[in-house]
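Protein chains in written order, with my numbering: chain A, 196 to 524; chain B, 38 to 509; chain C, 318 to 655.
Think of the CB as a built atom: it goes at the ideal place given N, C-alpha and C, for glycine as much as any other residue.
Remember, predicted model here, so these are calculated numbers, not experimental data.
The structure under discussion appears below in the form of C-alpha cells.
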Amino acid sequence: MYCRPPTPYTPHESTRQTHPSAASTRNADPAVNHLTLQVEEGEILALVGESGSGKTTLLRLICGLEKPDGGEVKIKGGTVADARKWVPPERRHIGMVFQDGALFPHLTVEENIFYGLRRKCRRHKCQRAETLLCLVGMDGFQKRYPHELSGGERQRLAVVRSLAPEPTVVLLDEPFSNLDPALRRGLRSDIIRILKELRTTAVMVTHDTDDALHAGDRVAVMRKGELEQIGSPREVYHHPASGYSARIFGEANQVGSQWVRPEDMELIPAYAPNSHPVMIEEVHDAGRHLEIRVRPQDVSPDIRWVIYDATQPVIKPGTPAWVRFRGEK
Amino acid sequence: MLKRWFTRTFLHELDLWSGTAYLLCLLILLPLFALLLGLSQRGPMWEHLADTVLSGYVLNTLWLTASVALLSVLMAVPAAWLLSHFDFPGSPLLEWAMVLPLAVPTYVAAFVYKQVPEAAIPLLIHIRSTYGVDSYLFAEGFIRKGVLALFMAGVLYPYLYLSLRAAFMVQRKGMIEAAQVLGRGPGSVFFSIALPLAHPALIAGISLISMEVLNDYGAVYFMGVPTLTVGVFRTWTGLGDLASAVRLAGLMLLGIVIVLAMEGRHRGRARFTETANDNSTPLLRRPLSRRASIGALLVCLIPLTIGFIAPLIQLLYWAYLSIQRFGNTIPWQRMGHSLLLALGTACVLTFIAVILIYAQRLHPVRWLRQPIRLAGIGYAIPGAVVAVGVMMFLGFIDQRFPYYTFIGSVYAIGFGYVVRFLAVGLHPVRAGMERVCGSLDAASLLGHSPTHPPSRINLPLIRGTLFFRRPC
Amino acid sequence: MQLKQTFYLTFICLCAGILPANEPLVVYSHRHYAADEELFASFTESTGIPVHVLKAGANELMERLKAEGERTRADILITADAGRLDEAKAAGLLAQIHSEILKTRIPEPYRDVDSQWFGFPRRARVLVYAPDRVNPEELSTYEDLAHPKWRGRLLCRSSNNIYNQSLLASMIAAHGEGPALNWARDVRRNMARPPQGSDRDQLRAVAAGLGDVAIVNTYYLGLLLHSPDPRERALAKTLRIFFPNQQDRGTHMNISGGAVLKSSSQKDNATRLLEFLVSDQAQEVFPAVTYEYPVVEGIEWSDLQKSWGSFHADDLNLSQLGEDGRKSVQLFNLADWE
C-alpha cells in the first residue's frame, strides 16, 4: 500500500536523507529541522550532539519508526518518505541496534538472528548465524537465551541480529551506553571491525564523543535538530565550525573567529623563536587582547610573549608572544 | 530433625504478623479440609453415577471450558492489543468499557440469550422437515451450545482482556520496534513477539475464565448442558448422596489443581525470561487510519455488545415492560442488603489479604508461603462446593460453641465469601506490594517497627491497587 | 476512599451482624411470589404476630436446617413441593401438629400421614398442546406419551427439576420401577429437543412449533398469559391444556406446603400461621394471583382455571413422593433424561 515504482538507482548514493523541514512531532518546535545529510556506501557516519538534539529522532525517521511532517528520506536512490509516500519500517530493509539491545527474551540466540531472515532455507540461516557469531566470537552460543548472556554479549548479539538480513544501512542507537567503560572499548573496536569487514553502511548515534571520533568515517554534529557540522573526525575535532561543535568534543578556545583546541596551541617567546615552546593551559578572548594561561613553572619575568596564528599570523600590538598551532598544520 | 526445624525456622520467624497470618490461613482452609475428609468416603450412588452420567458431565465440562476459552481468546486478544497499541476514535472510552461485561452474571446472560435458540426455531423446523431428525438434532445442539459458549465468552472475556492489556502495556517498546525494523509487519510482530511475551498473562486469564466456567451452574443448567457442577448439585440434592457429590467436586478440584499447577510453572518460567534491567519507555499508541479505525472499533464492539450492551438493552426493555404493567416495584431494600454484604465482605477480604501478604513479606518462609498460596484456592472451587465445606465446618463449630449460632448468620455468608474470594484480594495486594519496590522495606531498617511500614509507606502506595485491581 | 474509612466500614459491617433480632415467626421459604408476602402481611394484621421470611433455594434451606439442627431460628419451612417436606420429615426436623382445622380442611392426599406437613395450593402437571397440530382426541395419559407416534413431538424440562422427579415418582408408585424407567426412556426419546430451560420455555417452544405437546404445570400457562411482554401473551393464547389420565388414576398433583419445625419455640403461633394459610381468605389468593389450585374444596377458582375445566386429580398420597423421588433421579440418569 505504500510502494510506488522505485526511482532510478543512483550508484554514487547509497543512503541519503534530505530534510528541508523534517519534524517528528506535530508541534511548533520540531525535533529535526533544516537538515540535509548524505551517507556514502560503506561509510560509518557518527551522529553526535547533546541529548535532545534530535539524533535519535533522526534515526527513527530514517528507519520509519516515526513519520516526518515534511522533507524526504531516500535509500539507495529510492524515496522511502516524503510528502506523499511513506514506506513502513518493515519494508525499508534497514538494520537497527537499540540502546538496550531489544533482544527477544523468549527466543534463543539463534532464533533471534533468524528472526529477520524469514524467507530463507534453514541451512542457509544456520550458516549465516554461525558466520556472524564467529565474527563476534560467540560461536557455540546458538542455543542460549538472552538472559544467559553477559551485557557485552547481548549487545554483540543485537548487532549481529541487525546485520543478519544484510540491510542496506545499519542504524546504531547509543549501542554502548549501557556498558561499563572497560567492556565498551573492546566492543567498540569489535563492532567497527565487523562493520568494516562487511562493508556495511552505518549511522551511529552517540553522545560519547570518544565513540564518535573512533568509530566514524565522518562525524556529524547536531544541535537542536539542525546540522551543525559534518566532516572527518580530524576536521571536526581540530577545526570545529562553531562553539557548540567545539565544546562537544572537549575544551576549546576561540582565537579570533576560530575555535582552537588547547593542545593545538603553543607559546613561543618572541625574542627566541627557536626556543622550547611553552604549553598553553587556556586561552580566553578578552576582546582587545587574549588572556593566556600557562603553567606556573613556565613563567619567567623576562619572557615577552608574541601570539602567532599558524594559518593567519597576527601579531596584536602590545601582546608580547607568539602562539603557534600544533598539529597537522 | 523436626525439633530443629521447629526451633530454627518456625519459632524464629513466629511473631504477631506471621502467627496471625498462619491462623487466618488455617481458618480459611479448614472448610476445604473438611471437604477433603469427605472425599475419602465412597457414596452409595458413585457406581450408579459412573455407569450413567459421569462421562457426560466430564465431556460437557471439557468441551464447554475449551470452547469458552477459545472464544474469549478471540474476543479479548485483538481488543487488548488494539487498545494498548493504537489510538482510534472511542479508544479511551472503550479501554475501560471493555470490562463492563463482568457486571453481567452468566445466568442473567443465559436468560437473555436463550432467546437466540428460540428465535432459531423456525429454521430448525425447516431443517427437520427437509433434512430429517438427525440433522435437526445436530443443528439444534450446535446452535444451543454455540450460543452458550458464545455468551459465556462474551461475559467472561474481560478477565483475559484485563490481564493481557496489563501485559501489553508494560511490554517494551523497543522489542516491538526491533521486530518491525527486522522486516516484520504488524501482524507478524504481534504473533511472534507481543503474544508470546504476554503468554503468562494469556494463561492466567484463560485459567480464570475456565474456573468461572466450572463454577457456573445457572447458565449451563438452563441451556441444557449438564456439566460437573450440575452433576454435583444433582447428586447432592436429587440423589441425596453428599459423599458422591463431594467426590465429583473433588474430581473438579483435581482438574483445577492441574490447571493451576500448569499456570504456576508457566509464570515461573516467564519471570526467568524477563530481562533484568528494563528502563525503556512504554509504547506510544499509534494512530490508525480511518478504515483501520472502523475495523478496530468493530473488533472491540462485538465482544462488548455480546457481553454487555445486548443484555443491558434486553434487561432494560423487560424492566420497562414490567414497570409499565405492574408499576414500579424495585426492591430497594434487597439491593441495599446485597450492597452492604458485598461492601462488608470486600473490606474484610482486603483486610485479611493485607495481613497475609505483609506477613509473607516480613517472613519469606515456606511454612507461611504455602498456606497463603493455598488459601487463595477457594476462587478455583465452585461456590456450591465451598458452601458445602463451610456448612460442614461451621456445623462442627456450632455444635461445640453453644453461645452463638454461626450457621444462618451474616458471618456464615461472609466467611463463605472470604473462603471463596480471598484470591481476589490476594492477587492485587500482592501485585501492589511487589511493585512497591523492595527497598521500601528499608523503612524497617530506619527504625520503624515492622508494624509501621504497611500503614505508613506500603499501604498508601498500594492503595490504588487495593481498590481498583482485579485478579489478573 | 481512604484506608482508615475502609477499616471503619469493615468494623460497622461486622457489628451489623450482631444486631438484636426481635421474636417474629421465622419462615424459611422456597416460594418466591409476591402473593406470599401479601398473605403474611394480612396474617400479621389479623394476629399481631410479625413474620420474618427468609427466601432461598430448596437445597440451601434443607442443608441449612440440617446444619442448624436444634438451634435454628426458623419456625416454619415452606417448600414448593412435597418431596422436600418429606425429606425434612425423614431428617427428623418436623414437629407433629395436631390441628383439627388443618386436618378437616386439607384433603388427605395433600397432607402428611403423620401430620407433620400440610399442602396449601395444589399444582397439576398437565399436557399443554398446540390445537392446530394436535387433536385432543389423540391425547389420553402420561403413559401414552411413550408411544412412538409422539416421536420428536414432546417437550419437557430437565430431570433436575423436582416436578419431573415427582411425576416419575408417581409413575413408580403406579407401575413399579421397571415400567417407570421404560416410560422415562421412551418419553426422552420422543422429545423434540434435549431437555432445557423452564416450563415457560417449553410453552414458548410449543407455540413456536418446535414440539406439539409439553409437560408443564398449569400455572405456568397462567403466568405466560399475564406476562408483561405482549408477545408472550399472544403466544400463550394459542395453547390449550389437557388433563391426562382422566379415565384412571387422575392427573398428577403436587403441592406447595409448609411444616412446623421441631425446634421451634413458638409452635402455637406457627400452627396459627399454617391454619391461616388454609383459611378461605388465604386460599382465595392462590387461584387469583399465582394461578395455583386451592387445596381446600369449595374455594372458587379463577376464571382462567374455570376455563381450563374441572378434572380428576390423582389421589396418591404425596408422602409417597419423597421416598420415590430419590429413586426417580436414578431412573432419569439411567434413561439419559438429562
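Just checking: is the beta-carbon of residue i within a distance shorter than 8 angstroms of some beta-carbon in chain B?
| i | result |
| --- | --- |
| Ala397(A) | no |
| Pro263(A) | no |
| Arg388(C) | yes |
| Leu253(A) | no |
| Glu285(A) | yes |
| His301(A) | yes |
| Ala522(C) | yes |
| Glu389(A) | Looking at the sequence itself, residue 389(A) is Ile, so the reference to Glu does not match. No - not a single Cβ of chain B is within 8 angstroms of the one on Ile389(A). |
| Val370(C) | no |
| Ala447(A) | no |
| Arg643(C) | yes |
| Asp518(C) | yes |
| Asp375(A) | no |
| Gln513(C) | yes |
What's the gap between the Cα of residue i and the Cα of residue j?
| i | j | result |
| --- | --- | --- |
| Ser636(C) | Val612(C) | 16 angstroms |
| Glu640(C) | Pro401(B) | 56 angstroms |
| Glu592(C) | Val533(C) | 29 angstroms |
| Arg428(C) | Asp403(C) | 10 angstroms |
| Glu455(C) | Ser515(C) | 25 angstroms |
| Ile414(C) | Tyr354(B) | 47 angstroms |
| Val294(B) | Pro81(B) | 26 angstroms |
| Arg470(C) | Leu648(C) | 22 angstroms |
| Pro419(B) | Gly292(B) | 12 angstroms |
| Gln433(C) | Val344(C) | 16 angstroms |
| Ala257(A) | Val268(A) | Just to set this straight, residue 257(A) is Ile in the shown sequence, not Ala. Distance between the alpha carbons of Ile257(A) and Val268(A): 7 angstroms. |
| Ser440(A) | Gln397(B) | 56 angstroms |
| Glu50(B) | Met429(B) | 33 angstroms |
| Glu494(C) | Leu376(B) | 49 angstroms |
If the cut is a Cβ gap below 9 angstroms, which residues of chain C does residue i touch?
| i | result |
| --- | --- |
| Ile162(B) | Ala525, Gly526, Leu527 |
Thinking residue i and residue j are a contact (beta carbons under 8 angstroms), I'd like their distance in whole angstroms, please.
| i | j | result |
| --- | --- | --- |
| Ser372(A) | Gln294(A) | 6 angstroms |
| Gly268(B) | Leu245(B) | 22 angstroms between Cβ atoms; not a contact. |
| Gly575(C) | Leu444(C) | That pair is no contact at about 29 angstroms. |
| Leu33(B) | Gly413(B) | As shown, chain B starts at 38 and ends at 509. That puts residue 33(B) outside it, with no answer to give. |
| Thr272(B) | Leu86(B) | 6 angstroms |
| Gly436(C) | Ile572(C) | 3 angstroms |
| Gly539(C) | Tyr610(C) | So it is not a contact: roughly 11 angstroms between Cβ atoms. |
What does residue i reach in chain A if we use C-beta pairs closer than 8 angstroms?
| i | result |
| --- | --- |
| Pro154(B) | Within chain A, no residue comes near Pro154(B); the closest Cβ sits about 42 angstroms away, beyond 8 angstroms. |
At the 8 angstroms Cβ level, is residue i part of the contact set with chain A, yes or no?
| i | result |
| --- | --- |
| Thr215(B) | The amino acid at residue 215(B) is misidentified as Thr; the sequence shows Ala. Chain A contact via Cβ: present. |
| Val114(B) | no |
| Val136(B) | no |
| Gly211(B) | yes |
Hey, is residue i's beta-carbon within less than 8 angstroms of any beta-carbon in chain C?
| i | result |
| --- | --- |
| Pro144(B) | Before going further, note that residue 144(B) is Tyr rather than Pro in the sequence given. It does not: the Cβ of Tyr144(B) has no partner Cβ on chain C nearer than 8 angstroms. |
| Met289(B) | no |
Just to make sure I have the definition right: I need the residues of chain C whose C-beta is within less than 8 angstroms of the C-beta of residue i. Which are they?
| i | result |
| --- | --- |
| Phe438(B) | Result: empty, since nearest Cβ-Cβ is about 11 angstroms, beyond 8 angstroms. |
| Ser359(B) | Pro545 |
Residue i touches chain C at which residues, Cβ-Cβ below 7 angstroms?
| i | result |
| --- | --- |
| Arg362(B) | Pro545 |
| Met206(B) | In chain order: nothing, as chain C lies at least about 25 angstroms away. |
| His85(B) | Gln647, Asn650 |
| Thr89(B) | Asn650, Leu651 |
Taking C-beta pairs closer than 8 angstroms, name the residues in chain B that residue i reaches, listed in chain order.
| i | result |
| --- | --- |
| Leu260(A) | Glu214, Gln217, Val218 |
At a CB-CB cut-off below 7 angstroms, which residues of chain B make contact with residue i?
| i | result |
| --- | --- |
| Met417(A) | The premise fails here: Met417(A) is roughly 21 angstroms from chain B at the closest Cβ pair, so nothing lies under 7 angstroms. |
Answer yes or no: does any C-beta atom of chain F fall closer than 8 angstroms to that of residue i?
| i | result |
| --- | --- |
| Glu380(C) | Included in the structure are the protein chains A, B and C, with no chain F among them. |
Positions along the region 306-326 of chain A whose CB lies within less than 8 angstroms of some CB in chain B: Residues of the region 306-326 of chain A with a C-beta atom less than 8 angstroms from some C-beta of chain B are Tyr310, Gly311, Arg313, listed in chain order.
Contact residues within the region 217-243 of chain B, judged by C-beta distance below 9 angstroms to chain A: Residues Gln217, Val218, Leu219, Gly220, Arg221, Gly222, Pro223, Ser225, Val226, Ser229, Ile230, Pro233, Leu234, His236.
Contact set between the region 94-113 of chain B and chain C, restricted to residues whose Cβ is under 9 angstroms from the partner: Listed by position along the chain: nothing, the set is empty.
Interface positions of the region 321-355 of chain B facing chain A (Cβ-Cβ less than 9 angstroms), listed along the chain: Here the close residues number zero.
Proximal residues, the region 267-288 of chain B versus chain C, C-beta separation under 8 angstroms: Those residues of the region 267-288 of chain B that come within reach of chain C (Cβ to Cβ, closer than 8 angstroms) are Val267, Phe270, Arg271, Trp273, Thr274, Gly275, Leu276, Gly277.
Members of the region 254-267 of chain B near chain C, C-beta cut-off 9 angstroms: Only those residues of the region 254-267 of chain B whose C-beta falls short of 9 angstroms from the nearest C-beta of chain C are listed: Tyr258, Phe259, Met260, Gly261, Val262, Pro263, Val267.
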